[in-house]
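So the sequence shown is numbered by our numbering: it starts at 195 and just counts up by one.
Every residue, glycine too, gets a C-beta built ideally from N, C-alpha and C.
Model, not experiment: these values are computed from the prediction.
Remarks on the structure that follows.
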Amino acid sequence: MNFDLASVDYILETTRSVRKRLDLTRPVDRETVERCLEIAIQAPTGSNQQGWKWLIVTDADVKAQIGEYYKRSWYDYAGVAVRAETGQEPSAQMQRVVNSARYLADHMHEVPMMIFPCIHGRAPNASPSANAGLYGSIIPAAWSLMLALRARGIGTAWTTLHLSYEKECNEILGIPADVTTAALLPIAYFTGETFQKADRVPASKLTYWESWGA
Ligand SMILES: Cc1cc2nc3c(=O)[nH]c(=O)nc-3n(C[C@H](O)[C@H](O)[C@H](O)COP(=O)(O)O)c2cc1C
195 MNFDLASVDY ILETTRSVRK RLDLTRPVDR ETVERCLEIA IQAPTGSNQQ
245 GWKWLIVTDA DVKAQIGEYY KRSWYDYAGV AVRAETGQEP SAQMQRVVNS
295 ARYLADHMHE VPMMIFPCIH GRAPNASPSA NAGLYGSIIP AAWSLMLALR
345 ARGIGTAWTT LHLSYEKECN EILGIPADVT TAALLPIAYF TGETFQKADR
395 VPASKLTYWE SWGA
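Spelled out as structure tokens, the structure:
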């Protein structure tokens with residue numbers, strides 16, 4: 195099979211965190227999301243366990259409750275953390291991320307759909323192998339989901355802030371205590387197709403061959 199590498203690379207390089215350009219007024223159809231989930235679950239899992247579950251929420255009342263915790267977490271922690279980490283006012287680029295993230299915090303409850311990628315099990319802090327196995331068995335699939343959605347005009351953002359209130363959110367969502375939520379993905383069609391490659395430190399500067407530091 196001849197891949198259309200230009201299109202594949204374009205999707206991989208322009209799947210950005212979409213926040214301000216989420217169309218909060220347009221419903222997302224279930225069939226499209228179900229198709230994307232079928233694609234996502236082709237991702238690898240440790241020992242091929244496939245211990246994932248995908249919780250999808252469209253109910254306005256539930257979204258409002260989760261959105262409130264997300265917003266609280268943002269205003270409690272995130273704005274403060276940016277200053278604390280750098281010790282100074284954020285750069286222009288960081289300021290843009292902060293503005294965009296604040297917008298999402300203010301509007302999270304309005305997104306047409308929320309998806310919670312979940313995995314059976316909890317991370318035992320003392321075991322790097324188990325921790326890597328747990329998160330490594332849900333994140334590849336969730337990222338595939340985001341790529342598949344993006345290819346269909348649907349924007350997402352990887353978010354984790356609601357987990358500052360994991361217990362409260364689990365209660366609202368009915369997620370059992372032995373399940374780990376990897377993220378809260380806001381799901382909405384995006385407006386405009388003008389996503390760009392991000393400005394990153396080149397991989398060549400971050401890559402060692404054969405031994406650390408080489
Ligand atoms: C583990 C993880 C947690 C994140 N949590 C949040 C979050 O809670 N809220 C948010 O708005 N963005 C969150 N992000 C998105 C990052 O801010 C974003 O990926 C980064 O600014 C780079 O932007 P880009 O995704 O458009 O390239 C998270 C990303 C990752 C990988």
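Any non-hydrogen atom of ligand 1 within 7 Å of residue i CB
i, result
"R290", "no"
"R346", "no"
"W352", "yes"
"L298", "yes"
"R224", "no"
"L379", "no"
"A326", "no"
"L218", "no"
"A392", "yes"
"L355", "yes"
"A382", "no"
"A295", "yes"
"R215", "no"
"R266", "no"
Residue i - containing beta strand (DSSP E), residue span
i, result
"I369", "Per DSSP, I369 belongs to no beta strand (DSSP E) and is neither H nor E."
"Y383", "379-383"
"V251", "246-251"
"I235", "First-last for I235: undefined, no H or E at that position."
"M308", "307-314"
Opening and closing residue of the alpha helix (DSSP H) in which residue i lies
i, result
"V291", "286-301"
"A342", "333-345"
"K257", "254-267"
"A376", "First-last for A376: undefined, no H or E at that position."
"Y204", "199-207"
"A324", "322-329"
Local Cβ density within 10 Å of residue i, reported as buried at 16 or more and exposed below that
i, result
"K361", "exposed"
"T353", "buried"
"S405", "exposed"
"G349", "buried"
"Y264", "buried"
"K399", "exposed"
"T388", "exposed"
"F384", "buried"
"F197", "exposed"
"L343", "buried"
"V202", "exposed"
"V227", "buried"
"A371", "exposed"
"A351", "buried"
"A392", "exposed"
"V413", "Any answer about residue 413 is impossible in this case: the structure gives the chain only from 195 up to 408."
Residues near residue i by beta carbon distance below 8 Å, same chain, minus five either side
i, result
"I313", "G245, W246, K247, L328, Y329, S331, I332, V373, T374, A376"
"Y297", "R213, K214"
"I260", "V251, M302, H303, M308, H356, C363, I366, L367, L378"
"A345", "I205"
"L341", "I205, L206, T209"
Same chain, Cβ closer than 6 Å to residue i, neighbours up to 5 away in sequence not counted
i, result
"M307", "V222, T252, I381"
"S358", "S267"
"G347", "Y383"
"C230", "L339, A342, L343"
"A324", "P318"
"A234", "A335, S338, L339"
Close-in-space but distant-in-sequence residues of the same chain around residue i (CB under 7 Å, 5 per side omitted)
i, result
"D255", "none"
"D217", "A382, Y383, F384, T385"
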